[in-house]
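Residue numbers (full-length UniProt numbering): 1 to 328.
Put into structure tokens, the structure is as follows:
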């Protein structure tokens with residue numbers, strides 16, 4: 001059961017980096033409505049192939065501005081009423097380790113707590129607040145701080161996604177209701193539903209999944225400003241090794257200037273590169289044996305697997321195979 005004063009998300013700003021896997025939902029939606037990837041990604045500087053979005057093998061990050069551009073592209077082609085339809089396509093699995101933590105929760109109430117704690121591992125723009133009113137938990141999403149041109153679309157998408165994921169977590173659904181009113185959304189679910197047990201694997205799943213969330217989210221929260229932008233651009237260029245010259249050019253800087261500005265911020269480029277690689281390696285290993293060590297090394301920008309294994313041992317004190325056996 002969650003406390004009576006459920007409260008708001010720990011996230012205070014929607015402009016956080018997000019996993020590129022969220023764009024797969026938007027790309028698929030566009031494709032199903034006759035739009036090619038180039039049209040959907042126009043103006044983002046992204047290509048589906050370079051992020052692994054076409055095959056689903058990628059675990060890169062994108063900026064909030066890039067995802068926002070994709071939403072605007074869809075709205076321009078398909079209209080402002082797409083929010084609920086897009087939102088209904090999200091499932092817990094869409095969100096990587098965040099979704100794993102939701103699935104691993106002992107009860108629906110615990111899943112709500114996880115969602116509010118790690119919202120910046122989702123793809124949300126409209127930030128939620130929840131409270132207990134009588135015998136209901138009432139969740140509200142207010143789009144007041146979102147760009148006016150896509151405010152209602154984003155609120156409708158995010159609120160519908162929340163409802164869809166909650167119902168997907170609980171066998172038979174939660175019986176929750178959703179009311180969309182312009183730039184606000186209200187979800188209502190009986191307080192008694194919060195105690196509903198969720199199907200999960202293993203008694204230690206909840207603790208393990210939270211640890212994984214912390215491993216992914218901590219570097220993101222620790223880096224702001226230029227360092228945060230560099231981290232995102234590094235993830236997008238990892239398959240080619242994320243050369244500093246290319247990332248600097250993406251930011252409109254020379255390599256020397258970028259190095260100087262990062263030093264002033266108290267961080268080095270190599271440190272950011274290692275952070276991204278360590279985080280994405282954990283994400284990809286946790287998702288199961290879909291990639292061998294050689295393929296994973298290439299995905300992270302290593303020329304050979306031995307270099308990746310040595311780096312992984314430096315980060316974690318163990319090998320990728322041993323880590324996967326323990327945490328995947």
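Don't be surprised by glycine CBs; every beta carbon is placed ideally from N, CA and C.
Span of the beta strand (DSSP E) around residue i
i           : result
residue 190 : 184 to 190
residue 137 : 136 to 142
residue 335 : Any answer about residue 335 is impossible in this case: the structure gives the chain only from 1 up to 328.
residue 178 : 177 to 181
residue 129 : 128 to 133
Limits of the alpha helix (DSSP H) - the one that residue i falls within
i           : result
residue 253 : Segment: none, residue 253 is in no alpha helix (DSSP H) and carries neither H nor E.
residue 237 : 225 to 237
residue 104 : 97 to 104
residue 348 : Lying before the first or after the last residue shown, residue 348 is absent from the chain, which here runs from 1 to 328.
residue 279 : 269 to 286
residue 84  : 83 to 87
residue 167 : 151 to 169
residue 218 : 205 to 222
residue 39  : 37 to 40
Status (buried if at least 16 other CB within 10 Å, exposed otherwise) for residue i
i           : result
residue 257 : exposed
residue 67  : buried
residue 63  : buried
residue 321 : exposed
residue 11  : buried
residue 301 : buried
residue 307 : exposed
residue 220 : buried
residue 16  : buried
residue 33  : exposed
residue 270 : exposed
Pick from the options that is closest to residue i, judged by C-alpha positions
i           : options               : result
residue 315 : 244, 323 and 278      : 278
residue 111 : 198, 270 and 263      : 198
residue 128 : 170, 263, 104 and 14  : 14
residue 94  : 286, 255 and 21       : 21
residue 109 : 190, 151 and 154      : 190
residue 326 : 143, 208, 171 and 162 : 208
residue 196 : 107, 133 and 265      : 107
residue 132 : 218, 169, 188 and 259 : 188
residue 246 : 304, 45, 138 and 148  : 45
residue 113 : 121, 102 and 40       : 102
Per DSSP, the bridge partner or partners of residue i
i           : result
residue 61  : 19
residue 110 : None, per the DSSP bridge assignment.
residue 94  : For residue 94, which the question treats as bridged, DSSP gives no partner whatsoever.
residue 197 : 107
Whole-Å CB distance - residue i paired with residue j, under 8 angstroms assumed
i           : j           : result
residue 242 : residue 273 : 6 angstroms
residue 84  : residue 156 : 5 angstroms
residue 26  : residue 74  : 6 angstroms
residue 356 : residue 222 : This structure cannot speak to residue 356, because the chain is shown only from 1 to 328.
residue 158 : residue 141 : 6 angstroms
residue 262 : residue 227 : 7 angstroms
C-beta neighbour in chain C for residue i, strict 8 angstroms
i           : result
residue 251 : Within the model displayed, chain C is absent; a lone protein chain is all it includes.
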